[in-house]
Each structure stands twice: as C-alpha cells, then as structure tokens.
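Quick notes on the structure that follows.
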Ligand SMILES: *Cc1c(COP(=O)(O)O)cnc(C)c1O
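Numbering (our numbering), first residue to last: 23 to 409.
Here it is, written out as structure tokens:
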C-alpha cells in the first residue's frame with residue numbers, strides 16, 4: 023500500500039531543462055522570461071494584461087490595492103476558501119464579510135449575495151469589492167455576479183486559484199468578461215505550478231499599470247508617471263507604497279513550460295474524475311456537481327458523506343482513509359471559524375451552508391499523473407470505509 027497524496031505537481035524533462043536554461047542565462051529575476059510567461063498566460067485565458075507575482079496571495083493583495091480597497095471599505099468573499107481569499111482585504115485595512123455558499127455548486131451563492139446586497143444597501147454598508155472563488159475549479163456564475171456588480175457598484179476579483187484551464191459557456195476563466203481582475207495560483211498542488219507563484223490578469227490597462235507598480239515597491243521609471251523631471255539616466259521614483267512580490271525567471275520558465283501542457287492536465291483530471299463518478303456512484307456519497315455550461319478545472323474532487331447512511335463519523339471516515347495511505351484533505355474550514363477571525367467578531371452559525379459542508383466534506387486524491395492503480399486504491403479504501 024503506497025501513499026497517495028490529494029494533489030501533486032507533474033514535472034517533465036522539458037520543465038527541468040527550461041529552469042536549467044534560465045540558471046545558465048544572464049537573468050535570474052527581472053529578465054525576459056517573466057514577460058514571456060505573462061504573455062503566455064494572457065493568451066491562454068484571453069485577457070490582454072497579466073502581472074506575474076510570487077504567489078496568488080500576493081496577487082490578491084495587489085488586486086485589492088489596485089482597486090483602491092482601503093480602511094473603511096468592506097470586502098465580501100466565500101467562507102469556503104483558503105484564508106488568503108479574505109486576508110488580502112485585511113492587509114489593506116478593510117473589513118471582510120462572507121456570503122454563504124450554494125450547497126449544489128459549493129461556490130458563493132448568487133441568491134444569498136443578492137439578499138445580502140439588498141440589506142447592505144439599506145444599511146449603507148455596501149461592499150467595495152466581492153471576491154468569488156471558483157471552488158474546485160468549477161466556475162461561479164460570473165454573468166450574474168457581474169450584473170449585481172453593475173447594479174450595486176462594487177468591484178469583482180475572481181479568485182481562480184483552482185480554475186486555470188476551466189471554461190464557462192465556452193469562454194476561458196480569466197477573460198475578465200464579468201470581473202475587474204482574476205487571480206491564479208501556481209502552488210505545486212494547483213493545476214500548473216511555478217513552485218510558488220501567482221498572477222493577476224485584467225482587461226483594464228490602468229489596473230494593469232497599478233498592479234505592476236505595487237508588485238515592485240511602487241517604483242516607476244516611466245517619466246509620464248513621475249512627479250518631477252528626471253534627474254538623469256539613473257532616476258526612478260517611488261510614487262506609491264508597494265512591495266517586492268516579483269516572480270523569478272526560474273519560476274516563470276517552469277510556468278511557461280507547464281503552460282504548454284495546461285489543456286492536457288485539465289483533460290486528464292476530467293478523465294480521472296469521470297472514473298471516480300462511475301466507480302463511486304453506488305456509495306453513500308454526494309459527488310461533485312457537474313454544471314452543463316461549465317468545464318471545471320477540477321483542481322479538487324470533493325466527496326460529501328451522507329452521514330445518515332454511514333455507520334461512522336466524518337472524522338472516523340477521514341482518519342480511516344488516512345490510515346489506508348490516502349492523503350485526503352478538507353478544503354476548507356470556513357474562514358470565519360479560524361481563531362483570528364473569531365477575534366474579529368465572527369461566530370459559528372454565520373454561514374450555515376458552509377458549516378454543513380465542512381461537517382461532511384473530504385477531498386480525495388486527484389492530480390495529473392495519478393495512475394489508475396492509485397485511483398483504484400482510493401476507490402477500494404472508500405468502499406471499505408463508508409460501507
Ligand atoms: C492556493 C490558494 C490561494 C493562495 O495561493 P498561493 O499561491 O499559495 O498564495 C488563494 N486562494 C485559493 C482559493 C487557493 O486555493
């Protein structure tokens with residue numbers, strides 16, 4: 023019995039050669055490969071501008087900054103996400119709140135978003151930005167969220183950390199047709215990797231300029247943006263408070279090489295997910311919902327236990343799967359239940375659907391390069407444990 027992780031990277035010889043090539047070149051950072059990677063992502067997701075950074079967490083932070091999120095503002099996101107989806111607003115001094123999920127899709131519920139907007143408008147507390155998360159790679163209903171954004175005047179940042187390569191009504195996630203900025207992650211468990219890394223894409227050239235500015239200390243060498251005439255060829259100006267969130271050339275080379283296999287990676291995830299769908303259908307599990315008009319990135323395959331039909335608790339099932347060598351995981355603990363968020367005033371019961379999901383969800387292994395034998399081990403273990 024071998025250990026099967028829930029997710030892992032797939033590295034080819036071409037990936038290794040690409041990174042080695044950079045190591046032998048003149049630039050390890052701030053060279054030409056980051057720009058080529060940005061152009062590659064922009065082409066793949068059909069958005070004109072891409073700013074690569076050293077994590078999706080950094081991308082979410084600069085997205086909030088570029089949109090002017092600051093003290094006094096409110097940002098809403100989904101409670102069923104990684105903490106980075108809401109921490110980005112706290113970094114900017116804003117406050118956060120959560121819109122409960124739709125149990126069918128596990129994404130932020132558009133109906134609950136609308137209800138919360140009506141209440142917020144009456145209270146004069148409308149959000150500055152909303153951050154929908156395409157959980158497990160399944161696209162949110164962005165047309166509906168975009169329509170609400172226009173009606174209520176908020177900005178939209180898509181957290182597409184799970185969803186590069188996904189499509190919605192035939193359009194790639196990241197084209198920003200219904201949002202201001204979309205963020206991707208290239209952490210090794212995600213669909214393509216740069217080790218650590220992320221990016222923000224947008225259709226708006228002014229937002230792209232602001233994203234690039236705060237990525238690198240708020241420093242510009244563009245005279246058009248300077249407060250005073252240049253002092254000479256060495257001159258640059260810091261015009262805002264930025265950070266060092268730059269991606270290295272090695273990371274970009276790995277990402278560019280991985281990007282060539284993006285469609286194959288996602289197709290393989292679909293092949294494996296289809297096998298799970300067939301082989302787990304008779305078990306007391308609710309399997310991931312497929313949505314007709316979407317092609318999921320399938321970053322995760324989450325099963326939800328029908329606990330009334332299983333003679334064990336959620337925790338017992340989870341521990342039994344771990345004991346059988348499965349690197350099962352749980353995505354995610356509702357963010358507001360974290361002690362840091364409870365200290366901000368959040369309490370259990372805030373988002374009942376998110377908590378009901380948390381009480382019965384398990385992410386089972388799914389990654390490019392997973393063998394059918396490994397998958398059979400997962401199915402056999404689940405079959406044994408939930409029966
Ligand atoms: C992984 C992840 C992030 C953070 O990505 P990093 O690149 O690790 O910073 C943010 N949001 C979601 C939904 C994620 O899954």
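Cβ coordinates follow ideal geometry from the N, Cα and C atoms, glycine included. Treat the numbers as computed from the prediction; the structure is a model and nothing was measured.
Cβ of residue i versus every heavy atom of ligand 1: is any distance shorter than 7 Å?
{"i": "residue 107", "result": "yes"}
{"i": "residue 120", "result": "no"}
{"i": "residue 79", "result": "yes"}
{"i": "residue 53", "result": "no"}
{"i": "residue 393", "result": "no"}
{"i": "residue 59", "result": "no"}
{"i": "residue 155", "result": "yes"}
{"i": "residue 389", "result": "no"}
{"i": "residue 150", "result": "no"}
{"i": "residue 220", "result": "yes"}
{"i": "residue 83", "result": "no"}
{"i": "residue 212", "result": "yes"}
{"i": "residue 201", "result": "no"}
{"i": "residue 385", "result": "no"}
{"i": "residue 209", "result": "yes"}
{"i": "residue 318", "result": "no"}
{"i": "residue 336", "result": "no"}
{"i": "residue 103", "result": "yes"}
{"i": "residue 406", "result": "no"}
{"i": "residue 292", "result": "no"}
Which residue or residues does DSSP assign as beta-bridge partners of residue i?
{"i": "residue 237", "result": "Paired residues: none, contrary to the question."}
{"i": "residue 222", "result": "73 and 205"}
{"i": "residue 22", "result": "Here the chain comprises residues numbered 23 to 409, so residue 22 is not present and cannot be evaluated."}
{"i": "residue 177", "result": "151"}
{"i": "residue 342", "result": "In DSSP, residue 342 forms no bridge with anything."}
{"i": "residue 194", "result": "189"}
{"i": "residue 324", "result": "385"}
{"i": "residue 317", "result": "189"}
{"i": "residue 130", "result": "123"}
{"i": "residue 9", "result": "Absent from the structure is residue 9, since the part of the chain shown begins at 23 and ends at 409."}
{"i": "residue 308", "result": "326"}
{"i": "residue 260", "result": "241"}
{"i": "residue 51", "result": "270"}
Determine the closest residue to residue i out of the options, with distance taken between C-alpha atoms.
{"i": "residue 117", "options": "386, 286, 367 and 380", "result": "367"}
{"i": "residue 172", "options": "150, 190, 371 and 296", "result": "150"}
{"i": "residue 246", "options": "68, 47, 339 and 258", "result": "258"}
{"i": "residue 181", "options": "168, 161, 170 and 199", "result": "161"}
{"i": "residue 378", "options": "135, 327 and 282", "result": "327"}
{"i": "residue 45", "options": "157, 344 and 275", "result": "275"}
{"i": "residue 188", "options": "289, 406 and 373", "result": "289"}
{"i": "residue 213", "options": "152, 165 and 282", "result": "282"}
{"i": "residue 382", "options": "361, 351 and 262", "result": "351"}
{"i": "residue 133", "options": "108, 102, 166 and 146", "result": "166"}
{"i": "residue 218", "options": "81, 370 and 47", "result": "81"}
{"i": "residue 331", "options": "169, 307 and 30", "result": "307"}
{"i": "residue 72", "options": "334, 193 and 233", "result": "233"}
{"i": "residue 280", "options": "57, 62, 131 and 48", "result": "62"}
{"i": "residue 51", "options": "238, 89 and 343", "result": "238"}
{"i": "residue 76", "options": "49, 28, 107 and 270", "result": "270"}
{"i": "residue 292", "options": "226, 389 and 168", "result": "389"}
{"i": "residue 19", "options": "120, 115 and 343", "result": "Limits of the chain in this structure are 23 at one end and 409 at the other, which puts residue 19 out of reach."}
{"i": "residue 311", "options": "304, 305, 325 and 301", "result": "325"}
{"i": "residue 369", "options": "184, 359 and 127", "result": "359"}
Which two residues bound the contiguous alpha helix (DSSP H) that contains residue i?
{"i": "residue 108", "result": "106-113"}
{"i": "residue 368", "result": "Segment: none, residue 368 is in no alpha helix (DSSP H) and carries neither H nor E."}
{"i": "residue 272", "result": "271-281"}
{"i": "residue 374", "result": "374-380"}
{"i": "residue 84", "result": "78-88"}
{"i": "residue 156", "result": "Where residue 156 is concerned, there is no enclosing alpha helix (DSSP H), given that its DSSP letter is neither H nor E."}
{"i": "residue 163", "result": "From DSSP, residue 163 is part of no alpha helix (DSSP H); its letter is neither H nor E."}
{"i": "residue 302", "result": "284-302"}
{"i": "residue 38", "result": "35-45"}
{"i": "residue 445", "result": "The chain is shown from 23 up to 409; residue 445 falls before or after that span and cannot be answered."}
If you follow the beta strand (DSSP E) that residue i is in, where does it begin and where does it stop?
{"i": "residue 152", "result": "151-153"}
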